[in-house]
Amino acid sequence: METYTRQGGTSAIFVHDDGLRTLDTANRDKRIAFYADHNIGWVARPPHSDDAGGYKRSGRFRKGSNMNYGLALTMCMEKNIEMLKGSGYNGAAPLEEYALELAIEETYQNTGKRWKPWAKNARSLRVGDIVLIVDADTIVPEDCFRDAAREFAECPEVAIIQHESDVMKVAHHFFENGLAYFTRRMNKCISLACANGEMAPFIGHNAFLRWSAIQDAAFVDPVDGIKKVWSETRVSEDFELALRVLLKDYTIRWANYSKGRFKEGVSLTVDDELNRWKKITFGCNELMFNPIKDWWYLGPITKQLRIFLLSNAPSHYKISMLAYMSSYYGIATSPFLSLLNYLVWGWSFDPVTVVFTAASNVSYTLLEYRLGQCDILSALSENLSFVPFLWFFFSGLSVHLWYALLAHLLSFDITWSATKKEVEMSNFWREGPRIIRQYWVVFLTSTIALTAIVLPSTPLVHATWRIEPSWAVLPPLITVAAGHILVPFVLNPWFMIFSCR
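In the UniProt record's numbering, the protein residues as written are 1 to 501.
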């Protein structure tokens, strides 16, 4: 911010602090004082209450409703600023502060005087022409505002500039290292795809947003009739916003000229990472299909997807978007394809082995070499070293994604907690019981599956129905079943620590 000020620009920090009002008094006052010392604008809504008549934070993940709450307050403040300017306001309080007081009171009145928003530092709450959206575990390069401002000025059709992010490590254990490798690999593949003409994805952080374009893509929520920027009913609110932006004939760009100086945190535990994948899978299914109970009058395909597929958005983006969302279905259905393969005989194990274990690593090695990032032997060595990590992770992922798909299609109630941003030390004595409590259903199902694999190949089964063991028959189903048992243990960095402290 200081660098941008020296370059002639102005900027401010606006925090949507959803946890402030849940803190104890001492920590809350300390955080508010920090905001005041650094001139940070902040908005905090009331905590969620399950009591009858209590304040309800809408949404499953609640990120969208949190930002909508803060943006609604700041837009109300802007309305009051224009009104006060028109009336020639000359009061003792600064114009923005008085306008914020009016906005807080108006919001309070609209709730029947039940829930009053907390907000301070009005000048920093004013949203400028460009918004840099970041998360709590984000590192931003010192000199990045001017490049974004210049690009938006020269390209009025661009609504979002999504920067390629490197990984910010905090724990430095093998699980974080494995996810860091996987994240960098995915981001590099996205860079290659976008360089060849693909539409950039909007990840939701480390991205610059043109505020006028985001407002243009806002919608009226049919639930309460209020105009909103972020969807409160969709789990993948970033993906949903990107679709609305494209429908307004804007574009999204992927930028990697920051050369990894934007950084983001990754999940620190396998539980958080599995939840993240379930959330994404649920969100994709939510955008593609209506719940089964609504098919009789809405049909299986969502209205939003039908509108998007019939829109003027680039055809190649429609295809790649459908391919991306379908990849989660492919992972989720792998147990059933493995079972079918086990019963019918092997037609999928060969391609999976060749494509994912061999071809993908060789092709990514060549990509790194051709980009001049490292020599070919170093790239191949690094890529092969992470094969065991990725093998374990993906072999134990599919059932969890299948659960997320069923949760939406069958209208199960499913929620996600926020991803942990700080390292929490643990040990074998804590992790063992917790893993068993959390995954006992998966363990039981996988154990039954392994038993069912063995029985048909024994003399206990009549020769007509006996399944002879074969490399093409047994490995796929064993991999899936055993993987779901092993992943919570093998990918837990604290499980092998036996210290009682």
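Glycine included, C-beta positions come from ideal geometry on N, C-alpha and C.
Inter-residue CB distance, residue i and residue j (contact presumed, cutoff 8 Å)
{"i": "Y369", "j": "A379", "result": "6 Å"}
{"i": "M288", "j": "T302", "result": "6 Å"}
{"i": "T5", "j": "E142", "result": "T5 to E142, Cβ: 12 Å. No contact."}
{"i": "P47", "j": "R28", "result": "Contact flag wrong, Cβ pair sits at about 12 Å."}
{"i": "L84", "j": "L125", "result": "In fact, because the Cβ distance is near 15 Å, the residues do not count as touching under 8 Å."}
{"i": "L486", "j": "G396", "result": "7 Å"}
{"i": "Y317", "j": "R185", "result": "22 Å between Cβ atoms; not a contact."}
{"i": "D238", "j": "F202", "result": "5 Å"}
{"i": "Q109", "j": "A255", "result": "Actually they do not touch by this definition, with Cβ atoms about 43 Å apart."}
{"i": "A122", "j": "E96", "result": "4 Å"}
{"i": "L247", "j": "A313", "result": "7 Å"}
Residues that DSSP places opposite residue i in a beta bridge
{"i": "E264", "result": "T138, V167"}
{"i": "A255", "result": "H163"}
{"i": "F14", "result": "G41"}
{"i": "K228", "result": "F219"}
{"i": "F289", "result": "I301"}
{"i": "K120", "result": "W42"}
{"i": "Q210", "result": "Reading the sequence as shown, one finds Arg at residue 210 and not Gln. According to DSSP, which records beta bridges pairwise, R210 is partnered with I130."}
{"i": "V158", "result": "T251"}
Within 7 Å, strictly: CB atoms of residue i and residue j
{"i": "P335", "j": "S398", "result": "yes"}
{"i": "V223", "j": "F282", "result": "no"}
{"i": "L401", "j": "A332", "result": "yes"}
{"i": "G64", "j": "W230", "result": "yes"}
{"i": "A200", "j": "V245", "result": "no"}
{"i": "H205", "j": "I160", "result": "no"}
{"i": "V490", "j": "F392", "result": "yes"}
{"i": "A119", "j": "V43", "result": "yes"}
{"i": "F262", "j": "S165", "result": "yes"}
{"i": "N428", "j": "F495", "result": "Looking at the sequence shown, residue 428 is not Asn but Phe. Yes."}
{"i": "A180", "j": "V266", "result": "yes"}
{"i": "I280", "j": "L409", "result": "no"}
{"i": "T251", "j": "E157", "result": "yes"}
{"i": "M168", "j": "I139", "result": "yes"}
{"i": "residue 503", "j": "Q7", "result": "With the chain covering 1 to 501 only, the question about residue 503 has no answer from this structure."}
Residue range of the unbroken beta strand (DSSP E) whose run includes residue i
{"i": "G41", "result": "41-44"}
{"i": "K113", "result": "Careful: K113 lies outside any beta strand (DSSP E) and carries neither H nor E."}
{"i": "residue 577", "result": "The displayed coordinates of the chain run from 1 to 501. Any statement about residue 577 would go beyond what the structure contains."}
Cβ neighbour criterion (16 or more within 10 Å) applied to residue i
{"i": "S411", "result": "exposed"}
{"i": "C194", "result": "buried"}
{"i": "W347", "result": "Any reading at W347 needs caution, since the residue's pLDDT is 40, under 50, leaving its predicted position unreliable; the model's value is listed next. Flag for W347 reads exposed."}
{"i": "Y324", "result": "exposed"}
{"i": "V441", "result": "exposed"}
{"i": "F349", "result": "Any reading at F349 needs caution, since the residue's pLDDT is 48, under 50, leaving its predicted position unreliable; the model's value is listed next. It counts as buried."}
{"i": "V220", "result": "exposed"}
{"i": "Y297", "result": "exposed"}
{"i": "Y257", "result": "exposed"}
{"i": "D18", "result": "buried"}
{"i": "E431", "result": "buried"}
{"i": "W295", "result": "exposed"}
{"i": "V461", "result": "exposed"}
{"i": "L241", "result": "buried"}
{"i": "N187", "result": "buried"}
{"i": "I307", "result": "exposed"}
{"i": "E286", "result": "buried"}
{"i": "R45", "result": "buried"}
{"i": "S381", "result": "exposed"}
{"i": "R437", "result": "exposed"}
{"i": "T10", "result": "exposed"}
{"i": "G59", "result": "buried"}
{"i": "D24", "result": "exposed"}
Extent of the continuous alpha helix (DSSP H) run through residue i
{"i": "L243", "result": "237-247"}
{"i": "R6", "result": "2-6"}
{"i": "A323", "result": "315-332"}
{"i": "E431", "result": "428-454"}
{"i": "S395", "result": "387-395"}
{"i": "V399", "result": "398-409"}
{"i": "K85", "result": "63-86"}
{"i": "G178", "result": "174-195"}
{"i": "R370", "result": "360-370"}
{"i": "A93", "result": "Premise fails: A93 is in no alpha helix (DSSP H) and is neither H nor E."}
{"i": "I478", "result": "474-490"}
Neighbour flag for residue i against chain D, beta carbons, 7 Å
{"i": "W429", "result": "No chain D appears in the structure shown, which is made up of a single protein chain."}
Any non-hydrogen atom of the ligand NAP closer than 6 Å to residue i Cβ
{"i": "P222", "result": "Absent from the structure shown: the ligand NAP. Ligands present: none."}
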